[in-house]
Amino acid sequence: MSPSTPPRTDPSERSRSIVRAARRVAEGEGWPAVTVRRLAAEIGFSQPILYRSFPGGRDEIVEQVMVAGFAEMAAELADPVGEGDRLAHVVRAYLAFARTHPALYEAMFEARTRIVFAAAETPAPLREAFGSFLGAVSAGAGDEQAAVVRAELLWSTLHGVARLAASERLDPALEEARLEGILALFRS
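Heads up: the sequence shown at position 92 corresponds to 729 in the numbering used here, and the numbers run straight through without jumps.
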């Protein structure tokens, strides 16, 4: 018997279930294991039902995982109430996010996507996450363009450190010194 959609399944809940299943499979087995067939089996829907929710198939599902990931990241990077050092918070929160959500982080930064970054049509969660970088470095920037460049450089630096740490290319004993070095670079 092939899986089919349960009666009266809300389409938005079905889409959320598919996205959650994709993330769960990726976290357990990696992104190559995430296929439309596998997701259909995981949640008990037929493949045509998945394609009805996501006509772009796997790539569209991964894009939704990506957008959801940026929403989570934005929440973690947001300036906490009473936090005195916004830059330190963003640096530490970003690296912790990358370390604790490796499959999600991979989807956010390495998956093929039609999502446009740094443009008017960029989804709000991506802009919100970038806004945290911007807020952390804009005090010393002078003008808007300079602030955006500093924010991009901070993001690029953190991404590089996150990827190198994930692939065990950096000495873990130097983590705190590395963090202090990043903070010194972006405070100047």
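By construction, the Cβ of each residue, glycine as well, lies at the ideal position given by its N, Cα and C atoms.
Check                                                                                                                                                             : Outcome
When you compare the CB positions of E805 and A740, do they come within less than 8 Å of one another, or not?                                                     : no
How close, in whole Å, do the beta carbons of A766 and M703 come, if the pair is a contact with beta carbons under 8 Å?                                           : The pair is not a contact, with the Cβ atoms about 11 Å apart (cut-off 8 Å).
Using the beta-carbon count (16 or more within 10 Å), is L732 buried or exposed?                                                                                  : buried
Span of the alpha helix (DSSP H) holding H738?                                                                                                                    : Segment: none, H738 is in no alpha helix (DSSP H) and carries neither H nor E.
Return the Cβ separation of G694 and V673 in integer angstroms, given the expectation that the two are a contact with Cβ distance under 8 Å.                      : 6 Å
Classify Q701 as buried or exposed, calling it buried when 16 or more other Cβ atoms lie within 10 Å of its own Cβ.                                               : buried
Please list, in chain order, all residues of the same chain as I752 whose beta carbon is under 8 Å from its beta carbon, the five residues on each side excluded. : E700, M703, V704, T759, P760 and L763
Can you give me the Cβ contacts of A658 inside the same chain, cut-off strictly under 6 Å, excluding the 5 residues immediately before and after it?              : L676, E679 and I680
Out of P685, V786 and F770, point me to the one whose CA is closest to D716's CA.                                                                                 : F770
Nearest-angstrom Cα distance between P685 and G818?                                                                                                               : 51 Å
Name the two residues that bound the continuous alpha helix (DSSP H) containing G721.                                                                             : Careful: G721 lies outside any alpha helix (DSSP H) and carries neither H nor E.
Tell me the DSSP secondary structure of M638 in three-state form.                                                                                                 : Interpretation of M638 is limited by its pLDDT of 42, a score under 50 that renders its predicted location unreliable; no figure is taken from the coordinates.
At the level of alpha carbons, what is the spacing between R827 and A810?                                                                                         : Nothing about residue 827 can be read from this structure; the chain reaches only from 638 to 825.
Under 8 Å between the Cβ atoms of F746 and E713?                                                                                                                  : no
Considering only their Cβ atoms, is the gap separating L791 from F823 smaller than 8 Å?                                                                           : yes
Near P648, which residues of its chain fall below 7 Å by C-beta distance, leaving aside the five closest residues on each side in sequence?                       : S690
How long is the line joining the alpha carbons of E813 and S775, rounded to whole angstroms?                                                                      : 24 Å
Where does the unbroken alpha helix (DSSP H) through L822 begin, and where does it stop?                                                                          : E812 to R824
Would L724 pass as a contact of A803 if the rule is Cβ separation under 8 Å?                                                                                      : no
Roughly how many whole angstroms lie between the Cα atoms of S654 and D696?                                                                                       : 16 Å
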